[in-house]
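Just so you know, the working numbering puts 143 at position 138 of the sequence shown, and the rest follows in order with no gaps.
Here is the structure we will look at.
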Amino acid sequence: MCNRCCQPVGCAPSCCEPNICYCIFDLESSVFDTRNVYRRALIELAASYNREVPEVLLLQVGVMATGEMAELIVRKCRIPVSWEHFLLQVNERASELIGNPPLMEGVERLVRHLKKCCIGMALISSSCEALYCQKIRGREAFFQHFETLVCADDPQLKQPKPEPDVYLIAMSRLGEADASSTLVFDGTIKGVQAASDARLKVVMVPEKGLPQCWSERAAVRLETLAQFRPEWFGIAPLSREAPPPRPKPKPRARSSLSQAQQESSEERETEGEGSEEGKEGEPGKKD
């Protein structure tokens, strides 16, 4: 039996029940990977004030809400502006950098497969709805696979992660979803805590370098969603994109009889050609 804290990457959880009918995805850590965008924005803005953000601090703020992150950076790095102003700058710079972020590896194929399997899907985001619309621009057709959305400025949302509210709201909007039939995809520590507190099973795709012990509350930890196997949770397995190539047939070996016949035929043709050449080259006889 696997120890979830130290299980190999991609190891199927042994405690799962085959009854998943609904899935909830965190936009910023399981669909888009925008965590590095905020890291870059923080580093650039701190440098504009002649400050450097230590690596250990970047790892620490990676699991925080943006307001909490801005307050800690301003305080620890002694940036000479209010954390509210710094947060505004971070959000503006992040919006410029986000543009049209790439989808995480494996997520598009997985979402389309879940839709074919009639799995109800919800999306949660730590962004306000306006920023969410900016992030998905050009991919609206793909995001129509999700039945409901909970953004950071949703009027029903009172407490952000690590409180379970966002997942409870998303689950309630999926109709008959309950904790035993719902699976969460979240790559953040606070997201895993929030989902676990809502009694939901979690698939975690964390940032590289995150210690294994920080993901111990996840049902399974993966490096990318391309490693996810739906059958671990009782969902039909991913079908192959194309059938494997068929092996080429081996050439048939010719029998000794057919080989002899072929050689005899070739000899007759050669003799015939030689005979014709001889006739053409023979001098004419005098009467």
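Beta carbons: idealized from backbone N, C-alpha and C, even for Gly.
Quiz item: What's the gap between the Cα of residue 140 and the Cα of residue 47?
Solution: Going by the C-alpha atoms only, they are around 19 Å apart.
Quiz prompt | Proximity winner among 29, 71, 94 and 144, relative to residue 54 (alpha-carbon distances) | solution = Comparing Cα-Cα distances from residue 54 to each of 29, 71, 94 and 144, the minimum goes to 94.
Self-check item: Where the alpha helix (DSSP H) through residue 233 begins and ends
Solution: From DSSP, residue 233 is part of no alpha helix (DSSP H); its letter is neither H nor E.
Exercise. Tell me where the beta strand (DSSP E) around residue 28 begins and ends.
Key: Element bounds for residue 28: 27-31.
Quiz item: When the Cα atoms are used, what is the spatial distance from residue 162 to residue 27?
Solution: In this structure, the straight-line span from the alpha carbon of residue 162 to that of residue 27 is close to 20 Å.
Self-check item: alpha helix (DSSP H) runs contained entirely in the region 75-163, provided each spans 4 or more residues
Solution: Uninterrupted alpha helix (DSSP H) stretches at least 4 residues long and entirely within the region 75-163 occur at 88-103, 112-121, 134-140 and 145-148, given in chain order.
Quiz item: Comparing alpha-carbon positions, which option in 173, 147 and 154 lies nearest residue 113?
Solution: The candidate whose alpha carbon is nearest that of residue 113 is 147.
Exercise. Give the straight-line distance between the Cα atoms of residue 228 and residue 129, rounded to the nearest whole angstrom.
Key: The straight-line gap separating the alpha-carbon atoms of residue 228 and residue 129 is approximately 21 Å.
Quiz item: Near residue 214, which residues of its chain fall below 8 Å by C-beta distance, leaving aside the five closest residues on each side in sequence?
Solution: Cβ neighbours of residue 214 beyond the five flanking positions: 64.
Quiz prompt | residue 154 to residue 237 span [Cα, whole Å] | solution = For residue 154 and residue 237, the distance between alpha carbons rounds to 26 Å.
Exercise. May I ask which residues mark the beginning and end of the alpha helix (DSSP H) holding residue 293?
Key: Residue 293 falls outside the range modelled here, since the chain spans only 6 to 292, and no answer is possible.
Quiz item: When the Cβ atoms of the region 172-187 are set against those of the region 73-89, are three or more pairs found closer than 8 Å?
Solution: No, the region 172-187 does not touch the region 73-89.
Quiz item: How many angstroms separate the CA atom of residue 202 from the CA atom of residue 223?
Solution: Whole-angstrom Cα-Cα distance: 11 Å.
Practice problem: Have a look at the DSSP bridge pairing and note the partners of residue 37. | Solution: In the DSSP assignment, residue 37 forms a beta bridge with 108.
Quiz item: Does DSSP classify residue 208 as helix, strand or coil?
Solution: Shown here, residue 208 sits in a strand according to DSSP, grouped into three states.
Quiz prompt | Cβ-Cβ separation, residue 190 to residue 108 (assumed contact under 8 Å), whole Å | solution = The Cβ separation is near 13 Å, so there is no contact.
Quiz item: Under three-state DSSP, which class holds residue 187?
Solution: In the three-state DSSP reduction, residue 187 falls in the strand class (E or B).
Quiz prompt | Residues near residue 198 in its chain [Cβ-Cβ closer than 6 Å; skip 5 each side] | solution = Excluding positions up to five away in sequence, the list reads 167.
Quiz item: When burial is assigned at 16 or more other CB atoms within 10 Å of the CB, is residue 131 buried or exposed?
Solution: Answer is buried; the Cβ neighbour count reaches 16.
Quiz item: Is the CB-CB distance between residue 82 and residue 51 below 8 Å?
Solution: The answer is yes: Cβ separation under 8 Å.
Quiz item: Out of 118, 216, 124 and 143, which has the shortest C-alpha to C-alpha gap to residue 176?
Solution: Cα-wise, what sits closest to residue 176 is 124.
Quiz item: Going by beta carbon distance, what residues of the same chain come within less than 6 Å of residue 118, once the five residues before and after it are set aside?
Solution: Short of 6 Å from the beta carbon of residue 118, and not among the five residues preceding or following it, lie these beta carbons of its own chain, in chain order: 243.
Quiz item: From residue 138 to residue 73, what does the alpha carbon distance come to, in whole angstroms?
Solution: Cα to Cα, residue 138 sits roughly 24 Å from residue 73.
Practice problem: Please classify residue 178: does DSSP put it in a helix, a strand, or coil? | Solution: Reduced to three states, the DSSP call for residue 178 is coil.
Self-check item: Run of the alpha helix (DSSP H) containing residue 201, from where it starts to where it stops
Solution: Residue 201 -> alpha helix (DSSP H) spans 194-202.
Quiz item: Do residue 27 and the ligand FMN come close, with the Cβ less than 7 Å from some heavy atom?
Solution: No copy of the ligand FMN occurs in the structure displayed, which carries no ligand at all.
Self-check item: Backbone CA spacing between residue 135 and residue 100 [nearest angstrom]
Solution: Taking the straight line joining both Cα atoms gives about 11 Å.
Quiz item: Roughly how many whole angstroms lie between the Cα atoms of residue 170 and residue 164?
Solution: Cα-Cα distance, rounded: 6 Å.
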